[in-house]
Amino acid sequence: MTAAIIGATLTAGFAQETARVETKSFESEYFPFPREIFIYTPDSYDEATENDYDVIYVFDSQHRSRFDLVHSLMHYGIQQDEENPLSYIVVGITSPDIPAYNHYRDLDFLPQPKHSEIEYGPYNSANFKKFLKNEVIPYINDNYRSTHHSLAVGHSLGASFVLDELMTEDMFDDYIALSPNLAWDEDRFAKDLIDYHFNPAKPRFIYMTMANESENTGWPSEWRPAWDKVKNHFENPELPDNVKMTIKEYPEYSHNTSYHHALTDALQDYAAYCHDYSAGDTTLYPVHLEVSAVRLDGDVYVTGNQPALADWNPEGVKMTKIADNTYALDLELTLPAEFKFTQGSWETQLFMKNATGGNLRITDPERADKHYRAYTFN
């Protein structure tokens, strides 16, 4: 009885939306059968209406545990900045085997071969890319508060696909490719990666790993040499300064058992990278900030991660009072911008009702008009 009363009290006093997983089925233009995706939205998504979220796309999510592992790791314990954790929308892309339509998982991930004979098919990554580019990604960006900044996560042939997609469509910003098959079709993906020229104007994060796959562990003889070609090529890369690439091996683990360990390391690095992925971009974007609260009075300041925001001086940039209880400021910032509101000191920091805790954040210049509602305790 006591537990029930306590639970009811907490619910009434601290309204908290729980994380959700939704399932969306597409009647796709590109496939004769429905395509299913999963969509994870984090805690307080409905309440935190001024929060925008980077999106992580997880391939091979017909194995639901892979999708669940990504959103679980990213939202519990993996982020080193515990005071300012970031939340993400996570989308699981499924590639099921459907024999009735002669469709199998591999067909989503591989293009028509240039050299090898087709074993079954036809290989259909061209349509899979169109499905993602023209249907899935627009749906997410139109129906969820996406920043339009995205990460693709793939394993095995899923990793081969995300690397191939980087070199052909480049519809994502960042890439995690765990144990990719680079040897398929006479080292096609390996050769393409070695010849690829990265866009020097687009900041990106790339994390590639390999486990103990080799001829000694039962893998095709060409698997490891194809990986070694790519690894050796990028050991001394002439990459743009805004490309952060990590190549790592896990020789103590097999193809499948490495997944959890490699993914954990990759996501931990990615979470740190997300705080400053545009650090080299000096473009200034117009930003409008408003903050209001019941009985809010006196001076209100904004301070944050760049000189235009007073470099985290709590008595930062003074806002203008535009109405009772409402303050505003227009300025130009580099993005991502991280900031907080105070009344002159960290002891008088304002906390928001319609945004999650930690640093407030703007990454998308199209969503740089922010109207915050703060708690007041007087």
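If you're matching positions, the sequence shown starts at 366 in this note's numbering and goes up one per residue. Beta carbons are placed, not taken as given, at the ideal position from N, Cα and C, and that holds for glycine.
Q. Are Phe716 and Tyr740 close, meaning C-beta to C-beta below 8 Å?
A. Taking the sequence shown and counting its residues from 1, the one referred to as residue 716 is at position 351. Taking the sequence shown and counting its residues from 1, the one referred to as residue 740 is at position 375. Result yes, Cβ atoms of Phe716 and Tyr740 sit closer than 8 Å.
Q) Counting along the chain, where does the beta strand (DSSP E) carrying Leu531 start and finish? A) Numbered from its first residue, the sequence shown carries residue 531 at position 166. Note, Leu531: premise wrong, no beta strand (DSSP E); alpha helix (DSSP H) at 522-533.
(Q) Along the chain, where does the alpha helix (DSSP H) containing Val435 start, and where does it finish? (A) The residue labelled residue 435 in the question sits at position 70 within the sequence shown. Where Val435 is concerned, the enclosing alpha helix (DSSP H) stretches over 429-439.
Q. For Thr376, which residues from the same chain have a beta carbon less than 7 Å from its beta carbon, with the 5 sequence-adjacent residues on both sides left out?
A. On the sequence shown, residue 376 is found 11 positions in, with the first residue counted as 1. Bear in mind that a pLDDT of 33 at Thr376, under 50, signals an unreliable position, so the number given afterwards is only what the model happens to contain. Excluding residues within five positions, none has a Cβ falling inside 7 Å.
**Q.** Boundaries of the beta strand (DSSP E) in which Ile454 is found, first to last residue
**A.** For the purposes of this step, residue 454 is taken as the residue at position 89 of the sequence shown. Unbroken beta strand (DSSP E) run through Ile454: 453-458.
Q: Specify the secondary structure class of Val595 as computed by DSSP and reduced to three states.
A: Numbered from 1 along the sequence shown, position 230 holds the residue referred to as residue 595. Three-state result, Val595: helix.
Q | Euclidean distance between Cα positions of Glu731 and Ala566 | A | For the purposes of this step, residue 731 is identified with residue 366 of the sequence shown, where counting begins at 1. For the purposes of this step, residue 566 is identified with residue 201 of the sequence shown, where counting begins at 1. Each residue's alpha carbon lies about 19 Å from the other.
(Q) Can you tell me whether Thr388 is buried or exposed? The criterion is at least 16 other CB atoms within 10 Å of its CB, across all chains shown. (A) Mapped onto the sequence shown, residue 388 falls at position 23. By the 10 Å Cβ count, Thr388 comes out exposed.
Q | Where Ser713 falls: helix, strand or coil (DSSP) | A | Numbered from its first residue, the sequence shown carries residue 713 at position 348. The sequence shown places Thr at residue 713, not Ser. Helix, per DSSP.
Q) For Ala637, which residues of its own chain have a beta-carbon under 7 Å away from its beta-carbon, when the five flanking residues on both sides are left out? A) Locating residue 637 in the sequence shown gives position 272, where the first residue counts as 1. The residues are Gln445.
Q. Just reading off the beta strand (DSSP E) that Phe706 is part of, what are its end residues?
A. On the sequence shown, position 341 is the one that residue 706 refers to. Element bounds for Phe706: 702-707.
Q. Are Glu448 and Lys494 closer than 8 Å when you measure CB to CB?
A. Residue numbering aside, residue 448 sits at position 83 when the sequence shown is read from its first letter. Residue numbering aside, residue 494 sits at position 129 when the sequence shown is read from its first letter. No, the pair does not count as a contact, with Cβ atoms beyond the cut-off.
Q.
Does Val527 pass the burial test, meaning 16 or more other C-beta atoms within 10 Å, or should it be called exposed?
A. Looking up residue 527 in the sequence shown gives position 162. Classification for Val527: buried.
**Q.** Three-state secondary structure assigned by DSSP to Arg589
**A.** Sequence index remark: in the sequence shown, residue 589 carries index 224 (1-based). If DSSP states are grouped into helix, strand and coil, Arg589 belongs with the helices.
**Q.** Thr648 in three-state terms, based on DSSP
**A.** Taking the first residue of the sequence shown as 1, we reach residue 648 at position 283. Coil.
**Q.** First through last residue of the beta strand (DSSP E) which encompasses Thr388
**A.** As a working mapping, residue 388 is identified with position 23 in the sequence shown. Unbroken beta strand (DSSP E) run through Thr388: 385-391.
Q | Cβ-based neighbour list, Ala548, same chain, cut-off 6 Å, excluding 5 preceding and 5 following | A | For the purposes of this step, residue 548 is taken as residue 183 along the sequence shown, with counting starting at 1. Hits under 6 Å: Glu587, Trp588, Ala591.
(Q) Can you tell me where the beta strand (DSSP E) holding Ile687 begins and where it ends? (A) In the sequence shown, the residue the question calls residue 687 occupies position 322. From DSSP, the beta strand (DSSP E) with Ile687 extends over 685-688.
Q: Below 7 Å CB to CB, which residues in the same chain sit around Ala465 once its five sequence neighbours on both sides are set aside?
A: Looking up residue 465 in the sequence shown gives position 100. No residues qualify anywhere along the chain.
(Q) Let me check understanding here. Comparing Cα to Cα, which of Leu632, Asp662, Ser579 lies closest to His620? (A) On the sequence shown, position 255 is the one that residue 620 refers to. Cα-wise, what sits closest to His620 is Ser579.
Q) When you compare only the Cα positions, how much space is there between Thr414 and Thr721? A) Position 49 of the sequence shown, counting from 1, holds the residue named residue 414. Position 356 of the sequence shown, counting from 1, holds the residue named residue 721. About 9 Å.
**Q.** Delimiting residues of the alpha helix (DSSP H) encompassing Ile502
**A.** Counting from 1 along the sequence shown, the entry for residue 502 is found at position 137. Note, Ile502: alpha helix (DSSP H), 502-508.
(Q) In the DSSP output, what is Ser511 paired with across the bridge? (A) Sequence index remark: in the sequence shown, residue 511 carries index 146 (1-based). DSSP output for Ser511 lists Tyr418 as bridge partner(s).
Q: Might you give, ordered along the chain, the residues of its own chain that have their beta carbon closer than 6 Å to the beta carbon of Tyr504, omitting 5 neighbours on each side?
A: Position 139 of the sequence shown, counting from 1, holds the residue named residue 504. The answer is none, since no qualifying residue turns up.
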